[in-house]
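Data block below; observations after.
There are 2 protein chains.
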Amino acid sequence: MLSSRQPCNPRDDALLRQRFTRFQRLRHSSHTALCLPQDLLLAAAFVSDAQYNRNIPFKTSPEAVRLYHLYNHWMMRIATYFFIFLNLSLALFEEPAVYPLPFLATSVLEVLCLLVFLGRLTHFAKVTLHNVFWKDTKNICIMVAILLSLTDLAIYGVLRMYDVRSIRWSRIVRPIFLINFAESRQIRRAFRSIRNTLPEITYVFLLFMFSLLMFSLMALKLFGERNLQTAEGLPYFRNYLEIVFDLYVLVTTANSPDVMMPAFDFSSWYTLFFIAFVIINTYIFMSLFLAVVYNNYKKHLKNEIRKLAYMKRRKMIEAFNLLKEEEGEQFVVREARWKQLVKLVAPDTSSSHRELLLCISDDEQKGFVDKKSFVQLADLLNIQVVTLRVRRHPLARWVPALYGSAPSQLLRRVVRHRAFVWTYDAIILINAIFIALDEESPYISYAEWVFLSLYIIEILLKVYTYEPREFFGWKFVWSLVSTVLTLKYNSQQILDIVFILRVLRLIRIVDSIQRFQVIMNTLINIVPTMLTFGGLTLVVYCVFAIIGMELFHGKIQYFPANSNAPHALECGNPALKDSLFARGKYCKNNFNNFASSFIVLMELTVVNQWHDILSVQPAKLYFIAFHIVMVIIIVNIFVSFILEAFFVEYSLEKSEVETAIERKIQELGMGVQEDELQYEQLLDNMESAEHELEGEGGTKPQSKGLVFKIASKRYRTVDALLQRMFEAEIPLEDEGLSFEEILNLSPTSAVPRSPSSESTA
Amino acid sequence: MLSSRQPCNPRDDALLRQRFTRFQRLRHSSHTALCLPQDLLLAAAFVSDAQYNRNIPFKTSPEAVRLYHLYNHWMMRIATYFFIFLNLSLALFEEPAVYPLPFLATSVLEVLCLLVFLGRLTHFAKVTLHNVFWKDTKNICIMVAILLSLTDLAIYGVLRMYDVRSIRWSRIVRPIFLINFAESRQIRRAFRSIRNTLPEITYVFLLFMFSLLMFSLMALKLFGERNLQTAEGLPYFRNYLEIVFDLYVLVTTANSPDVMMPAFDFSSWYTLFFIAFVIINTYIFMSLFLAVVYNNYKKHLKNEIRKLAYMKRRKMIEAFNLLKEEEGEQFVVREARWKQLVKLVAPDTSSSHRELLLCISDDEQKGFVDKKSFVQLADLLNIQVVTLRVRRHPLARWVPALYGSAPSQLLRRVVRHRAFVWTYDAIILINAIFIALDEESPYISYAEWVFLSLYIIEILLKVYTYEPREFFGWKFVWSLVSTVLTLKYNSQQILDIVFILRVLRLIRIVDSIQRFQVIMNTLINIVPTMLTFGGLTLVVYCVFAIIGMELFHGKIQYFPANSNAPHALECGNPALKDSLFARGKYCKNNFNNFASSFIVLMELTVVNQWHDILSVQPAKLYFIAFHIVMVIIIVNIFVSFILEAFFVEYSLEKSEVETAIERKIQELGMGVQEDELQYEQLLDNMESAEHELEGEGGTKPQSKGLVFKIASKRYRTVDALLQRMFEAEIPLEDEGLSFEEILNLSPTSAVPRSPSSESTA
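Just so you know, the sequences run in chain order A and Z. If you read the first sequence in my numbering, its first letter stands for residue 1, the second for the next number, and so on. If you read the second sequence in my numbering, its first letter stands for residue 762, the second for the next number, and so on.
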């Protein structure tokens, strides 16, 4: 691994040492183990002695570089996130509060947060060039948000002293900090994607509204004069605007079939109207929304990834151009320069590792690296390297005779066999069935002890069989802790939780079945991106929760089950007497504090009972706005994302997308898939020893058991997979696009040999 | 148009005449205006005098051919459909009936239907070769279904005579007739697509069930011992199977947030369990179902269409091979043979039309048609041909001076102007707003008369401006009828309906805006395929309705609002006292007859209030089965279909997919888009006169005003668009695949130069 723990040991002249120090200061990836194309380009500039300062958006004085590294330090980043979330969670403590704190405390905290943001921004301004800093809307946004928050806080504080209540309206700008600090790149990308989708969504929405208004007009004509009544005895379909709203709710299916029943009771034929309405609006238009969102999502995702791939290729080609020398008819990078470059950019690699890389890059041992191999260098440097070594069980060292005896070997073979794992999975399954069936019976608690002893036997057998260091992973610790917990505190609660977590082991059975692989891979791949959607949802929920609290605070009260308060059954609101809301015991669904608001908004996202929840709130526009933003846009983007993840995974299963590097490594027989490493059979003969061969360079790497650990297919994100697909398609000669052109690449612009025809997709 | 109305007039020798007669007898497309590749192949066989009998699955004796044409006669087809739907609608008249008929009447009708089906099948057997007939599972299915129905009917009848009630279980086989008669090709294709999707759906479903069972187990552990109660005072989350069912319903979102409220009331933290459940099961798994269904839908749609395109190409190449002669280095079809062929296959085309076709096929006037042009012949023959001619208004003939005067011309120009249409659209819009606002006010009814007179003025102006024959389309008739109706019966009802249909004219405004075109085209394109989904839904509903009636008939009764019957408020079922079902006045949602069952099933498809509707029915498995079949499979296929339609339309908007023919016609300047024909400006100078130039052949066709009418983009179905895309991609030399290979083409088999990379789609 290319971590920077081990200090570099440059045995070259003072110039190289000086260059190296300067390069180390300027490189981007000082805090990550990754080798970025940007760094390779910078290193190439140092190696070739070119004055290369382009594309460095920060100042290059030693002071500025030190500040820049401080800015990027992980502690600083975590601190920023901490204050962003502190600022957001202030809503929990401000009135209306979940955990009330005095106004002074929350305002001091808020000022503190704002000062931290201001400090972070100032820090950023110090490391960035002036014109770059002031051109960036992100920074302006943050400044405006800080100013607004402070002004609002001051006004509110002053008014409060004179006992005048005003609204803390600036609280809705707080999510801006989450969006606009440079670390939230993914969330900004998601917002950009939404912004790009908006025009097309708008056209569909206008058509949909047109259809809704037309149907409402028809409903007014058909039912308005029949004097029908709803189940609650209210007039049915009399007022045009109410019809529009009722039918809008029907699109969400929330009031089906209630909204239809009075007309249905009057005549069965009227159901035809509602059937037509549901087919056109709920099924066709809602699918169209999904189609538009999905189409745009795919288009912009591909565009962003294409940009990244082009950027990378471009930088690698620039680096090549800096280092190239003529060799026969082509330009190449000679071995000496190539080695200098690799040493500079990845000082921790062993020389044998370097030899191996050269062996892959310079396939035919010609003493130089051609352009095609050179552009893959960044990927090559990012592949993990491990060496294999056999490590023996301690018992085999202490009592070799006993441990090596035939019965012991048999026992170990049994434990290592797949059937052993399956047996224990079956035991867990039986345990699950036992518990699900009935838990009052005394036999069950007796059986519980049987199962517990079986689990302890499993742990002992595994300790006996496997080398402890490999087994002492979290799996083992977990097994041990859970068993100890169960033994010591035999309370039902802990037993249950322990047991449920044990049941999760059953996922492994499912996972081992070939047929489920595509689905499981999709599920695993979407986890990282789920965080982006989490952030997106958080932003939308925060804004709507804060507005909701201002609008609906205190309208509904929750009383515990046996409260004697007046109107306890009507949620403290006499107007709710006999309403479906009170009857369904929905009183806790209110906007009385930040946490409750979040839960109500979650319920509104699920859509059901929408109209019941909102029937007691006057502002229907608020709910329609939330539905449009959350359900029509964000949920559809989420669905699009899952669709795309599945399709990428599915197409990958059929046609392996390998880069040239991976293929070459496989050809040389030095590859090992991470998947394979998961099996105990392989693992217990291996050890991940890095830099084991440091200093022994020059020999054939194969003989040393050095292998490349290729990233498992299943832990690649959709983005990484797509980027790989695009890279394979960019022609090598493609130097035409400049950085500016790449950044301004529009989704529709024709790019030579677009990798996937979007025509029928 | 290539209809067969005008008898052919072969001026050739007796042999050709005899061949022609035999060909006419054997050709497939005798009842349609289309020229099928199959017919072209047959005609080529006759022209080349080859003994060509392959690929004719029916007997070729004159008697058999006559029977075959009778079998395919449109009257026979309509009769078959009539009896299929009569048979299906028998459920309306049988107990439990919507319109009760005596048992004797319905059984006589059913026997009649079955006899008709048997007759149709026998007819088919007579025209088909024996081994082909008996190999076809469709025919076996129909025979078994007839046998089962008759047996069941007999048993039921006999038992009824002895007053023993039994179940008419054979009623669920009735939809088999709808699926299996040869005319329902589309529905069978949809069923095939579902069958192909089932394995993958099953894997996702198993994973989903696994997740559901795990969450249920957790719920049992978390909430089972807290002694919580639901809003109705029932125990909450005690029994494992009930939890599984409740959580299954939560996946459909139908019981959200009710199912959460007791836990939420106990502690807000418990909502996290439900949030996790909804994210994983409702959002991720339901999206996965859509992904799997969509992926399979696309795969199989493309495969079927690829098969069709290959078939067509194959037949055209075989026809070419039958007719080819050597010319220089290549094989060609000489002009004489080509003309013979066209005359045979399309005897109604004028000779000028034939010249034009030859001019397109033999681009460089070389006296022969090469392979590339020949394979496009079928498409070429299917392009409509029209001639342009100016036709004058009757008034211009009667009072030319007055009609041609300056004010008259100005008036006509005004009426023809787009602004005139827009003005009237605006008037309708204002009228709509007037009505929506308030209809009790006297001003409104006064305004109604103003609007009515405006509409009459519109009609008069249009009659004055446009040539009557072109204006007397259904639009004019509709305007007239509606106005007359409004004048004569000034009842509010008719006025309303007339008005609503007038409001539909507003769609035209929307349609004329460029931005809405893709969406509108998608909406128009999906209409034909909607019928297939209608058929599919009908089949599923029929089966479930019949089962539902047997299971739940009479459990719930509906009483009119002021009924004095006991338990009228509880839907005639004391068990429903105080239930949400009775409170929501859902009594009419029952399985008491066929029509009600359909409406209940429709409500279950929409999913909402699912649990309320089914809480009174014991058989939960029935509802889960319906949910899986209807919502998870069919609705998802419907959504997939809309997604695909939108994507095809969208990609088409950007990159025009034209066949070589259309391009050539456009090059020759003889094309006219149907779109353009829609504008009145063009229409009133044109007349669709066919065969106008019959017998004048040999002259330059351009001078005659002969133009090709190219099908409008917007009325193409998704299938047609995709087929066109595939055709463009099949290489001309591709003769490798035999008919059998094409028919057995699997969706995953590699086809040379697959037109759309499915890799990232």
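Note that beta-carbon positions come from the ideal geometry of N, C-alpha and C, so glycine has one too.
One finds nothing in chain A with a Cβ atom closer than 7 Å to the Cβ of alanine 1329 of chain Z; even the nearest lies about 13 Å away. By the C-beta density criterion, asparagine 562 of chain A is exposed, having fewer than 16 other C-beta atoms within 10 angstroms. Neighbours of glutamine 1484 of chain Z across chain A, judged by C-beta separation under 7 Å, do not exist; the nearest C-beta is about 12 Å away. Nearest to phenylalanine 1387 of chain Z by C-alpha distance, out of Z:Ala1306, Z:Thr1290, Z:Phe971, is Z:Ala1306.
Setting aside the 5 residues that flank it on each side, alanine 396 of chain A is surrounded in the same chain by Tyr403, Gly404, each with a C-beta closer than 8 Å to its C-beta; the list follows chain order. Nearest CB-CB separation between glutamine 1370 of chain Z and chain A: below the 8 Å threshold.
Between the region 1027–1042 of chain Z and the region 1389–1406 of chain Z, the count of Cβ pairs shorter than 8 Å is below three; the stretches do not touch. Taking 9 Å as the upper bound on Cβ-Cβ separation, chain Z lies near residues Lys298, Lys302 of the region 297–330 of chain A. Of all residues in the region 916–947 of chain Z, none has a C-beta nearer than 7 Å to a C-beta of chain A. At a cut-off of 8 Å between beta-carbon atoms, glycine 584 of chain A makes contact with chain Z. DSSP, reduced to helix, strand and coil, places threonine 889 of chain Z within a strand of the structure shown. When secondary structure is reduced to three states using DSSP, valine 65 of chain A falls in the helix class.
Contact between proline 936 of chain Z and cysteine 1303 of chain Z holds: CB atoms are separated by about 5 Å, below the 8 Å threshold. Closer than 8 Å to the CB of leucine 1404 of chain Z there is at least one CB belonging to chain A. Under the three-state reduction of DSSP output, arginine 1276 of chain Z falls in the helix class.
A straight-line Cα-Cα distance of about 15 Å links alanine 145 of chain A and aspartate 136 of chain A. Three or more beta-carbon pairs drawn from the region 1185–1192 of chain Z and the region 1206–1222 of chain Z are found closer than 8 Å, and the two stretches are therefore classed as touching.
Counting only Cβ-Cβ distances below 7 Å, glutamate 603 of chain A has contacts in chain Z at Ser1017, Pro1018, in chain order.
Within chain Z, the residues placing a beta-carbon under 9 Å from that of lysine 588 of chain A are Met1022, Phe1025, Asp1026, Ser1029, ordered along the chain.
Closer than 8 Å to the CB of serine 1048 of chain Z there is at least one CB belonging to chain A.
Per DSSP, valine 1005 of chain Z is one residue of the alpha helix (DSSP H) stretching across 1001–1012.
In the three-state scheme derived from DSSP, where H, G and I count as helix and E and B as strand, valine 1093 of chain Z is classed as strand. A contact between stretches requires three or more CB pairs, one per stretch, nearer than 8 Å, and the region 1341–1354 of chain Z meets this requirement with the region 254–266 of chain A. Looking from the CA of leucine 973 of chain Z, the closest CA among Z:Ile962, Z:Lys1076, Z:Tyr1001 belongs to Z:Tyr1001. Between leucine 150 of chain A and leucine 114 of chain A the beta-carbon gap is near 6 Å, inside 8 Å, which marks them as a contact. For leucine 576 of chain A, the closest C-alpha among the options A:Asn593, A:Gln557, A:Phe594 is that of A:Gln557. By the neighbour-count criterion, in which a residue is buried when 16 or more other Cβ atoms sit within 10 angstroms of its Cβ, arginine 314 of chain A is buried. Bridge pairing for glutamate 326 of chain A: A:Phe331 [DSSP]. In terms of Cα proximity to threonine 522 of chain A, the closest of Z:Val1005, Z:Trp1030, Z:Ser1048, Z:Lys982 is Z:Ser1048. Counting only Cβ-Cβ distances below 7 Å, arginine 956 of chain Z has no contacts in chain A at all, with the closest Cβ about 18 Å away.
Taken in chain order, the members of the region 516–539 of chain A whose beta-carbon sits within less than 9 Å of a beta-carbon on chain Z are Phe516, Val518, Ile519, Met520, Thr522, Leu523, Ile526, Met530.
Proximity of alanine 1052 of chain Z to chain A, defined by a Cβ-Cβ separation below 8 Å, is satisfied. Looking at the backbone, the Cα of methionine 1072 of chain Z and that of aspartate 362 of chain A are separated by about 50 Å. Relative to asparagine 1354 of chain Z, the option among Z:Ile845, Z:Leu851, Z:Ala825 whose CA is nearest is Z:Leu851.
The C-alpha of serine 166 of chain A is placed about 56 Å away from the C-alpha of serine 1358 of chain Z. Between threonine 465 of chain A and arginine 418 of chain A a beta carbon distance of about 14 Å is seen, past the 8 Å cut, so the two are scored as non-contacting.
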